[in-house]
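Numbering (the numbering used here), first residue to last: 7 to 83.
Written out as C-alpha cells, the structure is:
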C-alpha cells in the first residue's frame with residue numbers, strides 16, 4: 007500500500023497525472039491499449055491491464071505503477 011508523503015506515493019501520482027496530461031498524444035501510438043507509466047515514460051502497453059502491469063513490474067521492479075486505458079471510442083458497458 008502506498009503511504010502519503012513517501013517518494014513512491016509522489017512518483018505514482020506524478021506519473022498518473024503525466025499520463026492523463028499526455029492522453030491525446032499517447033492515443034496516437036497506444037489506441038485501445040492499457041499503458042503503464044513509470045517516471046513519466048510508457049514502460050509497457052497491452053490489450054490487458056494485468057499483462058501491462060506485469061511487464062511494467064518486470065522491467066522496472068516497481069510495485070505500484072499507474073496503468074490507464076487509452077480508449078479510442080465511447081463504449082457502453
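Quick reminder that beta carbons are idealized off the backbone N, C-alpha and C, glycines included. Given the structure is predicted, the values throughout are model-derived calculations rather than measurements.
DSSP state of residue i mapped onto helix, strand, coil
i, result
"residue 47", "strand"
"residue 71", "coil"
"residue 9", "coil"
"residue 77", "coil"
Distance between residue j and residue i (C-alpha atoms, nearest Å)
i, j, result
"residue 60", "residue 10", "24 Å"
"residue 41", "residue 14", "19 Å"
"residue 58", "residue 36", "12 Å"
"residue 32", "residue 12", "28 Å"
Any non-hydrogen atom of the ligand COA within 7 Å of residue i CB
i, result
"residue 45", "In the structure shown, the ligand COA is absent, as is every other ligand, since no ligand is present at all."
Beta-bridge partners of residue i, as assigned by DSSP
i, result
"residue 52", "40"
Closest residue to residue i among the options (Cα-Cα distance)
i, options, result
"residue 20", "51, 73, 78", "73"
"residue 18", "29, 32, 37, 47", "47"
"residue 66", "39, 35, 43", "43"
"residue 8", "51, 70, 23", "70"
"residue 23", "62, 34, 33, 45", "45"
Chain-order list of residues whose beta-carbon lies under 8 Å from that of residue i (same chain, five-residue window excluded)
i, result
"residue 77", "38"
"residue 26", "74"
Same chain only: Cβ atoms within 6 Å of residue i, ignoring 5 sequence neighbours per side
i, result
"residue 55", "40, 73"
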